[in-house]
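According to mature numbering (1 follows the signal peptide of the UniProt record, and there is no 0), the residues represented by the sequence shown are -23 to -1, 1 to 157, in order.
Worksheet for the structure shown next.
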Amino acid sequence: MKMLKRVCISLFLLIVLTNLAWADEVPVVGSMAPAFTLLDQGGREVSLDSLRGKWLVLYFYPRNDTPGCTEEACSFRDDMAQLTRLGAQIVGVSIDSTASNAEFAEKYHLPFPLLADKDGEVAKRYGAYADWKLVRFARRYTFLIDAQGKIAKTYLKVDTSKHSAEIIADLKHFSSSSGK
């Protein structure tokens, strides 16, 4: 029994450490955000270039219609007016399909694009891709990107119940520190 327990723990650690070692690097604050073009829930192409000119809250999330992802998306929805007043646009990215994103957006009345990164290539560029062999998903990471396309802040440990409020506070801080 002890031997089986050791083998299980060893295998678990091997999988976790291998995943961490192969994780793509997260872009650093001040660097240009990695370019992308993906389809939104309506089948329209959305590119990073098309989003320039305003603040962008680019958030990666694991799966549609799961508790944490729903809470995060609905918080952004509920705070949309305030986020818009602060000059921000919200875009979600998951490895779910366009059809799944459409169902999720419709079910929760989400007024912002949800992009389908089915092969995980964009998530990889942002260091947000996780492949645990049996399961693959986008990590819950958010990138606050300025109007010029530079990463202003990264959020790698997200509390879904407070995340939207944290983004709003940071947008206010950036606005006040830029003299606006």
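Virtual Cβ for every residue (Gly too), placed ideally from N, Cα, C.
On a predicted model such as this, the values are computed, not experimentally measured, just so you know.
Endpoints, alpha helix (DSSP H) assigned at residue i
{"i": "V34", "result": "Unbroken run through V34 is the beta strand (DSSP E), 32 to 37; no alpha helix (DSSP H)."}
{"i": "D147", "result": "140 to 154"}
For residue i: DSSP bridge partner residues
{"i": "F120", "result": "L35, T131"}
{"i": "T14", "result": "S24"}
{"i": "M9", "result": "K127"}
{"i": "A107", "result": "F114"}
Contact belief for residue i with residue j at Cβ below 8 Å, rounded distance in angstroms
{"i": "A100", "j": "A82", "result": "About 19 Å; that fails the 8 Å criterion."}
{"i": "S52", "j": "T137", "result": "7 Å"}
{"i": "S24", "j": "F13", "result": "7 Å"}
Local conformation of residue i per DSSP, three classes
{"i": "D94", "result": "coil"}
{"i": "S74", "result": "coil"}
{"i": "residue 174", "result": "Outside the displayed range of the chain (-23 to 157) lies residue 174, so it cannot be described from this structure."}
{"i": "R102", "result": "helix"}
{"i": "Q66", "result": "strand"}
{"i": "W(-2)", "result": "Below a pLDDT of 50, predicted positions are generally treated as unreliable, and W(-2), at 44, falls in that range; no measurement from the model is reported."}
{"i": "L(-11)", "result": "Caution is warranted here: a pLDDT of 45 is assigned to L(-11), below 50, making its placement in the model unreliable, and the coordinate value is therefore given only provisionally. Residue state, collapsed to three classes: helix."}
{"i": "F53", "result": "helix"}
{"i": "C(-16)", "result": "Confidence at C(-16) is low in this model, with a pLDDT of 46, below 50, so the placement of that residue should be treated as unreliable; the coordinate-derived value is given next. Three-state DSSP puts C(-16) in a helix."}
{"i": "T47", "result": "helix"}
Does the segment 51 to 64 come within contact of the segment 73 to 84, defined as at least 3 CB pairs closer than 8 Å? No, because fewer than three Cβ pairs between the segment 51 to 64 and the segment 73 to 84 fall closer than 8 Å, the two stretches do not touch.
Flag this pair as touching only if the segment 110 to 125 and the segment 20 to 38 have three or more C-beta atom pairs under 8 Å; answer yes or no. A contact exists between the segment 110 to 125 and the segment 20 to 38.
Between the segment 5 to 17 and the segment 92 to 110, do at least 3 Cβ pairs fall closer than 8 Å? Counting Cβ pairs under 8 Å, three or more are found: they touch.
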